[in-house]
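>
In our numbering, the protein residues as written are 9 to 102.
1) Quick one: measure Cβ to Cβ for residue 44 and residue 52, integer angstroms, because I've assumed they're closer than 8 Å.
2) Give the secondary structure of residue 94 by DSSP, where H, G and I count as helix, E and B as strand, and everything else as coil.
3) Am I right that residue 47 and residue 64 are in contact with their C-beta atoms under 8 Å? What's the rounded C-beta distance?
4) Whole angstroms are fine: how far does the CA of residue 26 sit from the CA of residue 62?
5) Compute the Euclidean distance between the alpha carbons of residue 30 and residue 42, then round it to the nearest angstrom.
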């Protein structure tokens, strides 16, 4: 008797999803939005077929998302603050 090794099944994290009909979604949109903001995943169906998902928007701090993104990639020359003589003369900075 041969025993075959099988791959373990992929495990998906299941989340409770609320299925709502199109007419109910139209009538109760503001309530559904509040539920989505609270973290509930809501699927809107047309004739029993899922057509849209209402999920909360994850807000991010845009500055925090880019702050430090180029750290270690950008280097300034040692003489960065020194203005070359010809350019200083052209702008009357001498």
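Glycine residues also receive a C-beta, built at the ideal position from the N, C-alpha and C atoms.
According to the structure shown:
1) Not quite, the Cβ-Cβ distance comes to about 11 Å (not below 8 Å), so this is no contact.
2) helix
3) 6 Å
4) 10 Å
5) 17 Å
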